[in-house]
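Single-structure report; data block below.
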Amino acid sequence: MAEYTPELDKLISDYGNFFEKQLKDMLNPKTNAVASTLRIAFRMKTTGVPLRDKIFAKTGWDVANETEKHLAALVEMAEQNGSRSGDKLKAALPVYIQMTQALEHLPDDTSIIKGIRHAKKLNLAF
């Protein structure tokens with residue numbers, strides 16, 4: 024298990040903010056799918072990847088692979104250390120799981136934009 028530090032606590036909080044923003048943008052039925060795709064890609068490149076890399080350096084967990092498992096572990100680690108930094112991740116995880124389960128049924132050749140359009144139709148919110 025990784026050592027819990029104030030820096031890791033901040034990374035968990037920052038990743039929760041990022042993750043929540045991405046998920047809300049993807050699921051908002053009032054926004055254009057193409058515009059959402061561009062915003063999501065931009066945020067991923069500028070914010071998500073650097074945060075993911077820093078979390079990996081601190082914990083050895085690649086949150087891009089086995090996302091549910093690693094995000095749940097980050098939430099648990101924060102809670103065990105008396106921190107609320109994982110609250111946004113904890114709130115977003117059930118919605119993320121529902122969304123990924125619904126998107127798994129799409130054909131493999133579905134474009135990202137079509138996937139986001141489908142996600143917007145799921146009427147998931149948190």
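According to this note's numbering, the sequence shown is numbered sequentially starting from 24. Every residue, glycine too, gets a C-beta built ideally from N, C-alpha and C. In this text the structure is predicted, and so the values were computed from the model without any measurement.
Count the other C-beta atoms from every protein chain shown that fall within 10 angstroms of the C-beta of residue i, then say buried if there are 16 or more, exposed otherwise.
{"i": "residue 61", "result": "exposed"}
{"i": "residue 108", "result": "buried"}
{"i": "residue 129", "result": "exposed"}
{"i": "residue 120", "result": "exposed"}
Nearest CA to the CA of residue i: which residue from the options?
{"i": "residue 113", "options": "46, 98 and 84", "result": "98"}
{"i": "residue 125", "options": "116, 148, 142 and 132", "result": "142"}
{"i": "residue 1", "options": "115, 29, 27 and 133", "result": "As displayed, the chain neither begins before 24 nor continues past 149, which places residue 1 out of reach and without an answer."}
Using the Cα positions of residue i and residue j, report the straight-line distance between them to the nearest angstrom.
{"i": "residue 49", "j": "residue 76", "result": "22 Å"}
{"i": "residue 33", "j": "residue 101", "result": "10 Å"}
{"i": "residue 110", "j": "residue 35", "result": "9 Å"}
{"i": "residue 58", "j": "residue 137", "result": "12 Å"}
{"i": "residue 84", "j": "residue 31", "result": "12 Å"}
{"i": "residue 63", "j": "residue 37", "result": "16 Å"}
- Item | Runs of alpha helix (DSSP H) wholly within the stretch 41-116 (minimum 4 residues, chain order) | 56-66, 72-82 and 90-103
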